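Undergrad: Taken in order, the sequence shown gives residues 122 to 231; the numbers are from my numbering.
Where a beta carbon is used, it is the ideal one built from N, C-alpha and C, also for glycine.
All values reported here derive from a predicted model rather than from experimental measurement.
Sharing a structure, written as structure tokens. Questions coming.
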Amino acid sequence: MAATMSAVRTLVTRAEVLKHSSREDLWVVANGYVLDLSAFVAHHPGSEAKIMRKRRGNVDITSNFVDHFGYTVQTFRKACAEFDRIQEPVKFTFRDLGQFPVIILGKYAG
122 MAATMSAVRT LVTRAEVLKH SSREDLWVVA NGYVLDLSAF VAHHPGSEAK
172 IMRKRRGNVD ITSNFVDHFG YTVQTFRKAC AEFDRIQEPV KFTFRDLGQF
222 PVIILGKYAG
């Protein structure tokens, strides 16, 4: 089951992230933050398969994530700053994919 905005966590373990590895319920780690990509993954411009391949057996997709265009990285960094400020899940979207949000759930505890 995908996370809801009311599911407040500040530290998320590797074991917890690994429980969420399907297309319908996908959590990943990027730059030390745990992201819920459940609503977004099927609409990723580079293909769902690309994310699922990277995620298979590896929760941290930072190397792929930070290779994106400036707008994507900038949007992500702003959302991370908001999470750090309020310490609650932060929902954000990328250009042209507003109906398919990404949610920062917490920090990665390993």
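Look at the Cβ atom of Val-223, then the Cβ atom of Leu-156, and state whether they are nearer than 7 Å.
TA: The residue given as residue 223 occupies position 102 in the sequence shown. The residue given as residue 156 occupies position 35 in the sequence shown. Yes. Within cutoff.
Undergrad: Looking at the ligand GTP, does it come within less than 6 Å of Lys-228, judged from the CB to the closest heavy atom?
TA: Questions concerning the ligand GTP fall outside what the structure shown contains, since it holds no ligand whatsoever.
Undergrad: Skipping 5 residues on each side, what residues in its chain have a beta carbon closer than 8 Å to that of Val-162?
TA: Stepping through the sequence shown from its first residue, residue 162 is reached at position 41. Contacts found: Arg-144, Leu-147, Glu-169, Ile-172, Met-173.
Undergrad: Do Arg-176 and Val-149 have their C-beta atoms within less than 7 Å of each other?
TA: The residue labelled residue 176 in the question sits at position 55 within the sequence shown. The residue labelled residue 149 in the question sits at position 28 within the sequence shown. Yes.
Undergrad: Would you decide whether Phe-190 is buried or exposed? Buried here means 16 or more other CB atoms lie within 10 Å of its CB.
TA: As a first step, residue 190 must be located in the sequence shown, where it is residue number 69. Its Cβ having fewer than 16 others within 10 Å, Phe-190 is exposed.
Undergrad: Going by Cα to Cα distance, which pick from Asp-181, His-141, Arg-206, Lys-199 is closest to Thr-131?
TA: As a working note, residue 131 is residue 10 in the sequence shown. Nearest of Asp-181, His-141, Arg-206, Lys-199 to Thr-131, Cα basis: Arg-206.
Undergrad: Give the straight-line distance between the Cα atoms of Gly-178 and Leu-226, rounded to the nearest whole angstrom.
TA: Taking the first residue of the sequence shown as 1, we reach residue 178 at position 57. Taking the first residue of the sequence shown as 1, we reach residue 226 at position 105. Cα to Cα, Gly-178 sits roughly 20 Å from Leu-226.
Undergrad: Between which residues of its own chain and Leu-218 is the CB-CB distance below 6 Å, once the five residues before and five after are set aside?
TA: Locating residue 218 in the sequence shown gives position 97, where the first residue counts as 1. Counting only Cβ-Cβ distances below 6 Å, and skipping sequence neighbours, we find His-164.
Undergrad: Could you check where the beta strand (DSSP E) with Ile-172 kicks off and where it finishes?
TA: For the purposes of this step, residue 172 is taken as residue 51 along the sequence shown, with counting starting at 1. It is not in any beta strand (DSSP E) - Ile-172 instead sits in the alpha helix (DSSP H) that spans 169-176.
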